[in-house]
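Protein chains in written order, with my numbering: chain L, 307 to 709; chain P, 463 to 773; chain D, 253 to 540. Since the structure comes first, as C-alpha cells, the remarks are kept for the end.
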Amino acid sequence: MARSRLTSRRLNSLLLAVCFGLSASAALAQDVVKFGAPLPLTGPLAPEAIKQQQGYDLWAEQANKAGGISVGGKKYRVEIVYADYQSNTPRAVQTTEQMITQNNVNFLFGPFGSGATKAGSSVSEKYKVPTIASTASSAQVYDQGYKYLFGTFTPNDTLTTPLTQIVKAKAPDVKKVAILARNDLFPLAIAQEMEKSAKANGLEVVYFEKYAINTLDHSATLSQIKSLAPQWIFVTGYINDLLLVRKQMADQQIKAGVLSMVAGPAYQEFIDAAGASGENITSAAWWHPAAQYSGKDIFGTTANYVKLFREKYKSDPDYAQASASVSGALFQMAIERAGSLDRDKVRDELAKMNEMTFWGPVKFGPTGQIDSLEPPVLQLQGGKAVVLSPALIKQGEFRLGVN
Amino acid sequence: MTRSNLILLALVVGIAALPMVGGSYALRLGTIACMYGILALSWNVVGGLAGYPSFATAAFFGFGAYTAGVLLGKGVPLVVSVPAAGVASFVLACLLGAALLRLRGHYFAIASLSLIEVFRELVNNATDLTGGGMGLNIPLTSTAGVMADATFFFYVMWGLLVGTALMVVVVAGSKLGFGLACIRQNETAANMIGLNTTLYKSVAFGLSAGFVGAAGGVYAAWVHYIDPSDVFDILYSVKPIVMALIGGLGSPLGVLIGAFVYLGLEEVVWRNYIQIHSGVLGILIVVLLLFLPHGLMSLRSQLLAWRPKRV
Amino acid sequence: MLAAQVLINALVLGCLYACIATGFSLVWGVLNVINLIHGSFIVLGAYLAWGLYQSLQISPWYALGIAAPAFFALGYVIQRLILNRVITAPVLVTLTLTFGLDLILNNAMIYYFKADYRKLTLTPPMGSVSLFDVVVPIDRLIATASALALTGVLYLILRRLRVGRAIIAVRLDRDAARLMGVDVNSIYAIAFGLGAALAGCAGVLMALIFPISPLTSTAYLGKAFVVCVLGGLGSVSGALAGGILLALIEGIGSALIGPAHATTLSFALLIVFLIVRPQGLLGRKGFE
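Next up, the structure:
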C-alpha cells in the first residue's frame, strides 16, 4: 500500500515536472518566430541553394544580434528551418507542406526558381501562409490570383529591355542578334524575352536555338553562329554553360560587337573563372553590390549590406544572396508594423509595403510581384562588373567589342 | 490464390483506413507510398516475373504524367485523362516492347535506360505542347479544402494501387504468368515448346507500363506542376528495383512490403541527413545487395527452414 | 567552310568521346558489368588535375602520371572488396550495385567540393591554330593526341603483355581461361583497375576543356553508353569509331535541326543500333 502511494506520488511529481517542462518550452517557443526555407541543397541546383542559405542566415544573424524582431514591444528570436528538396520540384511541394504542418513555421520563403515557387505556392496559399519568393521572376508565377505570395524579382523583360536599349543607343551598327538558350526554366524564359525585346527594337534575330541541359560541347553550334556573323550574341545558362560557351567562342576565334550572358557576370564565380576572357561581357541582374541605395530595413545602405556580407563570408554578395536577405528584412518590417505574428495581418502589411531598402525601392504590385525595382545593366570592365544603368546608380559607359 | 497474395490484397485494402487516422502530411506520405507500391509491383511483372532488367519505369511514368498533364490542361476531366495516360502508356510499351525485348541482359538494360533520355528530350523540345524546359502547369482540379484535396488524391492513387495489385495477382495465376516464368528460366526452351515469347513479353511490358503511366497521370494532377527533369528522373527507374530487391524479387507481397520499407527509410534518411542522403541511399543499396541479396522475404523463408530442424 | 569546321570539330570531339568511353567499354566487355561509377571516376580525375594544378602548379600532363596508378588502385580495391562478391549475379544486381556506389562517390564529391563549377585555366592560355579559316583550339588538339596515346597504350597492353592477353582470354571465354590456369578473379580486378585508370586519365584531360562539377558525371556516362554501343563492346578501335560517329551525328544534327535535338538523336540512334546491330560498328557477332 505504502509503496503504491509512493509510486503515485512520484508519478504525480513526474507529471508535474513534465507539465512544467512543457509549459516552459512553450514559453520559449513563443519567443521564436519560425521561417521555413525549402532549398535544393543537393542535386543540380545545390550551388543556388547555398547562396539562398547564406542570404537568409545573414539576415537571421543580424536580426538576432539586434535582439530579434520586436512584436508589440516583445522581442522574438528568428529561427530559420531549412529542408532539402533535392532539386526536385514535387519534393519542394512536399517540403513546403511538411514545414507548415509538421514544423509549424510562421512564415515561408519560396523554393528556388519560378517553377518550384509556383508549385509550392499552391500549398502555402491553401494554408494561408505569407510567402516571399526570393528567386521567382516569371510573371506566370504571380498570375494565379494568390493573395499570400510576394516576389522580390521583377518580370524577365525588365532585364532584357534596358539592355537592348543601351545597345541600340550606343552601338547603332548592331543589326543582327544570335540567341542561344539553355532549355531550362529561367534561361529559356529570359531568352524568349530577349527575342521579343530585340524585335521590338528593330533588330534581326538571325539565330535562336536551345541547347539541352547536359550539353558537353557547343562547338558545332558556335561554328554555325560564327558563319551567320551576328554583331550581338546573347547566351543564357548557368555558370558552367556560360564558361564553356565563352571558352569555346575564344577557341573558335568568334568576335562580336556585343556579347551578353545571363546571368554570368552578375556572379563573382563567373568573373573569377572567366578571367580576361570575361572582358566587356554585358548582362543584367536584379541587383548589384555596386548599387547605392539607402534603405529603412535592418541593413540600411547597400554598402553596409556588402560590408556585413564580406565580414561573414569573405566574398561579395550577388543578387541571389541579396534577394534572400531582403526577403527576410521585408518580413521583419512587415511583422514589426503589424505588431503581431498573425499571418493575415502580416500579409496585409506586405501588400501595403512601399519602402526603400538596400535592395532598392520595394512595392509589391497587385499580383504580389515587386514592380518598383529597376534592375541594373552590367558590363565586365577591367575584371569588375560595372553598372551601366539605371541612371541613379550608374558607374560607367558601355564599351563595344568582345574578342 | 496463394496465401501471400491474399495477404497482399489484405494489406492494400488495409491502407485505405489511413485518412481516418492521419493528417494531411500523413496523407501525402500515404499517397507516395501507394505510388511507390504501383511502381514496384508494376516493375515486378517485367523485372521479377519475366526476369528482364527494365530501367524504363521513369520513361513511362513521365510519359503518363505528360499525357495526363497536357489533357488536363486542355480541360479534359481527371476521370478521362488518367485512364488515357494509362492506355497510351500500355499501347506504346507493347509496341516498343516488341522491338526492345528481343534484346537480353545488358543490352536490354541499356536500351530501357535510353528510353528515358529519348522521352525526356522529346518532351523537352516539344515546347508548344509541353512547355519544354519551362515545365507544365496543371490547373487545380478542385477548389475544396486542404484535407479534402489530400484525401481525394490519396484515394485515387490507392484505387490505382488496388488495380495494380489485382493485375499482378491475376497475371501470376494466369497462363501469362506461367509463360513469363518459363521465359525467365529458359527463354530458348520456352520458344521451342511453342510459347509466343514476343507476345508474352510485350504484354508484360505493356501491363507494367500502363499502371505506371496512370500513376504518373495522377501524380501530375496531384502536384499541379511537372517538368521533364522531375518526372523523367532515372531514380524513378532505380527505386522500384531497390524496393523489389529489399522485399525479394518476384514475390508481389515482398515487393510491396519493400516499397513501404523503402519509403520509410527514405523519410528517415531525408529528414536526418540533409547533406548526404543520396550517399546514405547508396550505402543502403550496396549493403543490401552484398548482405541480403534475396530481400526481406528470404529472411522469413530462412526462419521457416530453420524451425523444422529444431523439432 | 562551315562544313569543314563542323567536320574538324567532330573529329577532335570524337577522340575525346572515345577517351571517355574506352575504360567503360573494357569493364563491360571483360567483367560483363555496366559500370555506372564511370562518370564519377572521370569527374574525380578532373578534380585531381584541378587540385594539383591549383595548389602545387603541377601541369595536367604530369597529373596523368599520378592519376593512372591512383585510379588503378582505387578500381582494383573496389572490385576486390565489393564488386567481386556479386560478379556472377544477374545484370540487375551488378547494375544496381554500381548505381549505389555512384551515389556514394558523387555525394561525397558534392559534399567535399560543393556543387559549384571549377575551371582549370592554364596560364597563359594556349590559343588556337587556324588553317584556311578552320580553327582548332590547341588544348583540345593536345588532349586529343593524349587521348589517342592513352588508347594506344591500352591497345598495346591488351595485345603485347601477358596480362593483356589474359584479359582478352577471359573476355572471350571465362571458363576456358580458367581451365587454362588464368586467375580469373585477379584478371577481373586488373581489368576494373585499368578501366578506372582510363576514367581518371580521361578526367584529367577533360579538366582542360570542360568546367568541373560532380553534376557533369551523368553527361560523361551518357556519352560512354552511346559510344560503346555504337562502336561495339570492349574493343579499343570500336570506341574510337563510336566516338567519332557520335560526335559527327551531334555536330551535323545540331547544325541541321538545332542543338536541342542532338542528344535525342544520339540516344535514338543508340536504341536503333541495339536492335539492328548490337555488335556495334566494328564488333563481331558472338563477342557479346
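Glycine is no exception: its CB is placed at the ideal position from the N, C-alpha and C atoms.
| Item | Value |
| --- | --- |
| Can I485(L) and E510(L) be called in contact, C-beta distance under 8 Å? | no |
| Can you list the beta strand (DSSP E) stretches of 3 or more residues lying completely in the stretch 565–647 of chain L, in chain order? | 588–590 |
| If you follow the alpha helix (DSSP H) that K505(L) is part of, which residue opens it and which one closes it? | 491–506 |
| Tell me, please, whether the CB atom of K700(L) is closer than 8 Å to any CB atom in chain P? | no |
| Please list the segments of the beta strand (DSSP E) lying wholly inside the stretch 350–396 of chain D, counting only runs of 3 or more residues, in order along the chain. | 380–383, 386–389 |
| Give me the Cα-Cα distance between M662(L) and V693(L), rounded to the nearest whole angstrom. | 20 Å |
| Do G499(P) and L638(P) have their C-beta atoms closer together than 8 Å? | no |
| If we define contact as Cβ-Cβ less than 8 Å, is E403(L) a contact residue for chain P? | yes |
| Could you give the distance in angstroms between the alpha-carbon of G645(L) and the alpha-carbon of K700(L)? | 38 Å |
| Measuring alpha carbon to alpha carbon, tell me which residue in L263(D), Y269(D), G275(D), I289(D) is nearest T470(D). | I289(D) |
| Looking at the C-beta of L508(D), does it have a partner C-beta in chain P at a distance below 8 Å? | no |
| Run through DSSP, which three-state label would T460(L) get? | coil |
| Counting C-beta neighbours from all protein chains within 10 Å, is the total for E354(L) 16 or more, i.e. buried, or is it exposed? | buried |
| Among residues of its own chain, excluding the 5 on either side of T529(P), which ones have a beta-carbon nearer than 6 Å to its beta-carbon? | A547, A550 |
| Just to confirm, is the Cβ distance from A454(D) to I272(D) under 8 Å? | yes |
| Assuming T626(P) contacts A560(P) under a Cβ cut-off of 8 Å, what Cβ separation, rounded to an integer in Å, is found between them? | In fact, because the Cβ distance is near 23 Å, the residues do not count as touching under 8 Å. |
| In the DSSP assignment, what are the bridge partners of E385(L)? | K340(L) |
| Name, in chain order, the residues that DSSP records as bridge partners for G505(D). | Answer is none; G505(D) lacks a bridge partner. |
| What residues match up with G666(L) in a beta bridge as DSSP calls it? | T663(L) |
| Residues in the stretch 511–522 of chain L with C-beta within 8 Å of chain D's C-beta atoms, listed in sequence order? | E515, K516, Y517, A518, N520, T521, L522 |
| Starting from S376(L) and walking both ways along the beta strand (DSSP E), at which residues does that stretch end? | 375–377 |
| If I'm right that I438(L) touches S633(L) with Cβ under 8 Å, what's the distance once you round it to whole angstroms? | 4 Å |
| I want to see whether chain P comes within less than 8 Å of A330(L), judged by CB atoms only; does it? | Low confidence applies here, because A330(L) scores a pLDDT of 40, under 50, leaving its location unreliable; read the following figure in that light. Chain P, which has no Cβ nearer than 8 Å to the Cβ of A330(L), makes this no. |
| Given a limit of 7 Å on CB to CB distance, which residues of the stretch 531–559 of chain L reach chain P? | none |
| Need the endpoints of the alpha helix (DSSP H) that S487(D) sits in, please. | First-last for S487(D): undefined, no H or E at that position. |
| Using 10 angstroms around the beta-carbon of I419(D), count the other beta-carbons present and answer buried if the total reaches 16, otherwise exposed. | buried |
| Please compile the residues from chain P whose C-beta is within a distance smaller than 7 Å of the C-beta of D490(L). | G595 |
| Take the Cβ of I655(P) as the centre, count every other Cβ of all protein chains shown within 10 Å, and call the residue buried at 16 or more, exposed below. | exposed |
| Look at the alpha carbon of I260(D) and the alpha carbon of A512(D), and state the distance between them as a whole number of angstroms. | 21 Å |
| Is any beta-carbon of chain L found at less than 8 Å from that of T396(D)? | no |
| So which residues of chain D does S529(L) contact, with C-beta pairs closer than 7 Å? | L254, Q257, V258, N261 |
| Are F323(D) and G452(D) closer than 8 Å when you measure CB to CB? | yes |
| Would you call the stretch 520–536 of chain P and the stretch 675–683 of chain P in contact, with 3 or more CB pairs under 8 Å? | yes |
| Going by DSSP, what residues sit across from R488(L) in a beta bridge? | Y517(L) |
| Please report the straight-line C-alpha distance between Q559(L) and V551(L), rounded to a whole angstrom. | 12 Å |
| List the residues of chain L whose Cβ lies closer than 8 Å to the Cβ of G483(D), in chain order. | None at all; the shortest Cβ gap to chain L is about 18 Å. |
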